[in-house]
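Note sheet for the following structure.
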Amino acid sequence: MQVLQNRINSFSSKPKRKQGKSHNIKWPHPEYFTATPVTLAEAGFYYDPSPEDVDNVTCYMCGKELSEWAEDDDPFDIHFKKCGKKCAWAVVRCGLRSDMDQKNKFVFTDKNRLPTSKPMEKARLETFTYDGWQYDSVKNHSASSREMARAGFVYSPVEVGDDLATCLYCGVSLSGWEPDDDPTEEHRKRVKSSGIPCPMFPDIVISKSYKDTTVPTKIHDGEEDEDEAPARAGSSTSKTPRSSHAKSTAKTPRSRARSSSKSRKATGEEERRGGGGGGGCRTRR
Ligand SMILES: [Zn+2]
Ligand SMILES: [Zn+2]
């Protein structure tokens, strides 16, 4: 369930667990809910229902279970609020919105959320070590989990066992890592060549032309922040991993993005709820 698409698919495939009689259960909520299969999957959840909890989802990383979703419940906000201290996915992915201002610009009001901060680096590292990063067992491989995390990447496989890593800030996605690849340098190069700014590299000056063309990360419906910036960035850079690594190009970056477009709304929602509450949906554990 570390693969996004597998989590999305879990909502349409037949659930097969939980007391063996969930065969007729399917995701009960309409598409206009903020929590859709895609937004939930992006936020780390897969569908994990039982006859008693037909809309129960579970986080692939921390195991958090949530059910009883209400229309405006936002999976990102709720996951971050409930698990932002312990779940690496909640930290790196679901917390992105808290790093941005109204204009989708990264502001990082919390220093522990700075891209280069130790807590963020540690959370990124966990996305690699959660299930084992293949190059950690290769002696002297430059793209170790530690270096990948330090470079700003999180593990974001599109297929089980692939080596696709993504910077959630700028959307650069790269795979086909070779022993002498320096992840930080690879990331830096992509940011420079794409002209898409990345807060991992505030020193890289982005030309005006970029700003003119991209500022409005509004391909979607203009409400979402953290999804859009990375997402659209991803679409422009991610497919061009190192030219020398032909195989990597195959990894089309995820279709992430369009997911949580209703999130802004949920922000207010969140406040109403008051800290840690988690809104309408219910925690199972
Ligand atoms: Zn989690
Ligand atoms: Zn980046």
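For the sequence shown, full-length UniProt numbering assigns the number 1 to the initial residue and increments by one for each residue that follows.
Cβ coordinates follow ideal geometry from the N, Cα and C atoms, glycine included.
Keep in mind it's a predicted model, so treat the numbers as computed, not measured.
Asked, Found
"The segment 74-92 touching the segment 29-46, judged by at least three CB pairs closer than 8 Å", "yes"
"R256 - DSSP class collapsed to helix/strand/coil", "Reliability fails at R256, whose pLDDT of 37 lies under 50, so the model's placement of it is uncertain and the value that follows must be treated cautiously. Reduced to three states, the DSSP call for R256 is coil."
"Spatially closest choice to G171 from R93, D53 and V57, by CA coordinates", "R93"
"Buried or exposed by the 16-neighbour rule on C-beta atoms within 10 Å, applied to N104", "buried"
"Sequence-distant residues of its chain with Cβ nearer than 7 Å to V154 (five each side left out)", "V92, R124, T127, A165, T166 and L168"
"Buried/exposed call for E186, threshold 16 Cβ in 10 Å", "buried"
"Cβ-Cβ distance between H29 and D53 below 8 Å", "no"
"E126: first and last residue of the uninterrupted alpha helix (DSSP H) it sits in", "K118 to T129"
"P148: CB within 7 Å of a non-hydrogen atom of ligand 2", "Correcting the residue identity first, residue 148 is Met in this sequence and not Pro. M148: no, Cβ never under 7 Å from ligand 2."
"A90 Cβ short of 7 Å to ligand 1 heavy atom set", "yes"
"Assigned secondary structure, L164 (DSSP; H/G/I helix, E/B strand, else coil)", "coil"
"Closer than 7 Å: H187 CB and nearest ligand 1 heavy atom", "no"
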